[in-house]
Amino acid sequence: MILFELRCSGEHHFEAWFKDGATYDRQAAAGGISCPVCGDARIEKAPMAPRLAKARGAALDAQAAAGELRKMLVGLKHKVQANCDYVGEKFPDEARKIHYGDAEARPIYGEATPEQARELEDEGVAVARVPWVPEGN
70 MILFELRCSG EHHFEAWFKD GATYDRQAAA GGISCPVCGD ARIEKAPMAP
120 RLAKARGAAL DAQAAAGELR KMLVGLKHKV QANCDYVGEK FPDEARKIHY
170 GDAEARPIYG EATPEQAREL EDEGVAVARV PWVPEGN
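In the working numbering, the protein residues as written are 70 to 206.
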């Protein structure tokens, strides 16, 4: 297992474990890695200092914690899908309509660029960015 420090085009930094460097390369090329903060799939390796594991158990604990976090994010995704209306790329427009009273208030989800999300927040529109983890491994 190898741990990489990664960075999205929005300059969010995060870490991810991979079987090896080739596994990272395949997943990155396929767009299978996304930022846990904004969901951006334009990911690159960030400069990082080498780490020396203190014990094998510490690496296994971190791996178990990452797996548990992923399980929680998949559960959150299912909850959002079951309880909210999907509006796709119309999310920024639909969120504004709801905020300004031009559409019925209801929970929605969809896509927005980091810039669109910042604009909504600047307008006082309540939005939350959820890392949309893919199903499977």
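Just so it is clear, CB atoms sit at the ideal spot from N, CA and C, and this is done for glycine as well.
If you're wondering where the values come from, they're calculated on a predicted model, not measured in any experiment.
Of the residues the options, which one's Cα is nearest the Cα of residue i?
| i | options | result |
| --- | --- | --- |
| residue 79 | 186, 173, 196, 167 | 186 |
| residue 136 | 86, 198, 157 | 86 |
Determine whether the beta carbon atoms of residue i and residue j lie at a separation below 8 Å.
| i | j | result |
| --- | --- | --- |
| residue 181 | residue 160 | yes |
| residue 143 | residue 84 | no |
| residue 177 | residue 154 | yes |
| residue 75 | residue 115 | yes |
So is residue i buried or exposed if we call it buried at 16+ other beta carbons inside 10 Å?
| i | result |
| --- | --- |
| residue 71 | exposed |
| residue 105 | buried |
| residue 113 | exposed |
| residue 157 | exposed |
| residue 108 | buried |
Do residue i and the ligand GTP come close, with the Cβ less than 7 Å from some heavy atom?
| i | result |
| --- | --- |
| residue 198 | Here there are no bound small molecules, and the ligand GTP is not part of this structure. |
Have a look at residue i and residue j and give me their C-alpha separation to the nearest angstrom.
| i | j | result |
| --- | --- | --- |
| residue 202 | residue 169 | 31 Å |
| residue 82 | residue 165 | 29 Å |
| residue 174 | residue 188 | 20 Å |
| residue 131 | residue 195 | 33 Å |
| residue 150 | residue 93 | 28 Å |
| residue 102 | residue 88 | 14 Å |
| residue 171 | residue 95 | 45 Å |
Are the C-beta of residue i and some C-beta of chain C separated by less than 8 Å?
| i | result |
| --- | --- |
| residue 186 | No chain C appears in the structure shown, which is made up of a single protein chain. |
Considering only residues of the same chain and omitting the five flanking positions on each side of residue i, which have a CB-CB separation below 8 Å?
| i | result |
| --- | --- |
| residue 192 | 165, 168 |
| residue 147 | none |
| residue 145 | 199 |
To which residues of the same chain is residue i closer than 7 Å at the C-beta, ignoring the five residues directly before and after it?
| i | result |
| --- | --- |
| residue 91 | none |
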